[in-house]
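Student:
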Amino acid sequence: QQKVQQSPESLIVPEGGMASLNCTSSDRNVDYFWWYRQHSGKSPKMLMSIFSNGEKEEGRFTVHLNKASLHTSLHIRDSQPSDSALYLCAASGGSALGRLHFGAGTQLIVIP
Amino acid sequence: EAAVTQSPRNKVTVTGGNVTLSCRQTNSHNYMYWYRQDTGHGLRLIHYSYGAGNLQIGDVPDGYKATRTTQEDFFLLLELASPSQTSLYFCASSLTGNTEVFFGKGTRLTVV
Chain A
433 QQKVQQSPES LIVPEGGMAS LNCTSSDRNV DYFWWYRQHS GKSPKMLMSI FSNGEKEEGR
493 FTVHLNKASL HTSLHIRDSQ PSDSALYLCA ASGGSALGRL HFGAGTQLIV IP
Chain B
16 EAAVTQSPRN KVTVTGGNVT LSCRQTNSHN YMYWYRQDTG HGLRLIHYSY GAGNLQIGDV
76 PDGYKATRTT QEDFFLLLEL ASPSQTSLYF CASSLTGNTE VFFGKGTRLT VV
C-alpha cells in the first residue's frame, strides 16, 4: 500500500475554474510535503512545498497543510489549459530522511 | 537550473539481458535517486545515495543494483532483466534529503 494517497485520480475542470487536489500521508514521521507537476512526456518539476501548518500562496496556486492529519491540498484558481498535467504529491522527513515518497498522482485536464 | 543527465534515453533489451542506466548531475548535490514510474503507481524509489560510495535501499529494490562512483555519477544495474522491469526510469538529485528534487528527462526501458 502506498504511503501517500492522492485523490481524485483524475479531475476535469473548465478553463477559469478552480481545481482542488488532495493528498494524505500514512507515515506519521513525515515533516515535509511537496507538490510536483509533470506535463505529458516531461519529467516532474517541483511546483510548491509546505512544511508548516497553514496556507501558502504563489500566484494562482495555494497549498494547505494540516500536520495533525498529515493532509495537504493544492488549489489552482483560474485554471488554464496549460495547467493540464499529472500532479504528484510527495512526503519526506523524520526517520525517512532522503526517502521521498510519491503518491500515484492526480491527472488534471482543463477544458478550454 | 539544476542539471541531471540520463543515458540512454531509450533502451530495448531481451529477458535475461544486462542493462546499465547512467546518470550524471552537475549540481554539487549530495543526494541522488533512481525512481521508476508506472501508470497507477506514481514514482517509486528504487535506490538512493547521499554521497560517493554510499547506497541506500529504496522501496522497490528487488532486481536492481546501484552504484555511486563519484559525487556526480549514479548508475542503475539490471543484471537479469525481466519484462516486469519495463518502465520509465528517472534519475534525480537534491542538495539534502529534505530539499527540492531535480529530475532528469528519463530513460524508457523495454524488456522483451
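Respectively, the protein sequence lines represent chains A and B. In terms of my numbering, the first sequence opens at residue 433 and continues consecutively. In terms of my numbering, the second sequence opens at residue 16 and continues consecutively. Where is the CB? At the ideal position from N, CA and C, for every residue including glycine.
Taking 8 angstroms as the CB-CB limit, is residue 94/B close to chain A?
Tutor: Chain A, which has no Cβ nearer than 8 angstroms to the Cβ of residue 94/B, makes this no.
Student: Given this structure, state the Cα-to-Cα distance separating residue 532/A from residue 60/B, to the nearest angstrom.
Tutor: Roughly 8 angstroms separates the two Cα atoms.
Student: Start and end of the beta strand (DSSP E) containing residue 90/B?
Tutor: First-last of the beta strand (DSSP E) with residue 90/B: 88-93.
Student: The segment 63-75 of chain B: which residues have C-beta closer than 8 angstroms to a C-beta of chain A, in chain order?
Tutor: Listed by position, the residues of the segment 63-75 of chain B near chain A (Cβ gap below 8 angstroms) are 63, 65, 71, 73, 74.
Student: Assuming the contact rule is C-beta atoms closer than 8 angstroms, residue 34/B and residue 124/B should be a hit. Round their C-beta distance to whole Å, please.
Tutor: Yes, residue 34/B and residue 124/B are in contact; Cβ-Cβ is about 7 angstroms, under 8 angstroms.
Student: Hey, could you find the ends of the beta strand (DSSP E) residue 57/B is sitting in?
Tutor: Here the beta strand (DSSP E) through residue 57/B covers 57-64.
Student: Is the beta carbon of residue 450/A sitting closer than 8 angstroms to the one on residue 505/A?
Tutor: No, they are not a contact pair.
Student: Is it buried or exposed for residue 530/A, if we count other Cβ within 10 angstroms and need 16 for buried?
Tutor: So residue 530/A ends up on the buried side.
Student: Got a sec? Which residues, its chain only, sit under 6 angstroms from residue 523/A by beta carbon, not counting five neighbours each side?
Tutor: Excluding positions up to five away in sequence, the list reads 436, 457, 462, 465, 533.
Student: What residue does the beta strand (DSSP E) around residue 493/A start on, and which one ends it?
Tutor: Residues 493-498.
Student: Quick one: Cα of residue 97/B to Cα of residue 126/B, how far?
Tutor: Taking the straight line from one Cα to the other gives about 6 angstroms.
Student: Are the C-beta atoms of residue 104/B and some chain A residue less than 8 angstroms apart?
Tutor: Answer no: the Cβ-Cβ gap between residue 104/B and chain A never drops below 8 angstroms.
Student: Please list, in chain order, the chain A residues whose beta carbon lies closer than 8 angstroms to that of residue 46/B.
Tutor: 530, listed in chain order.
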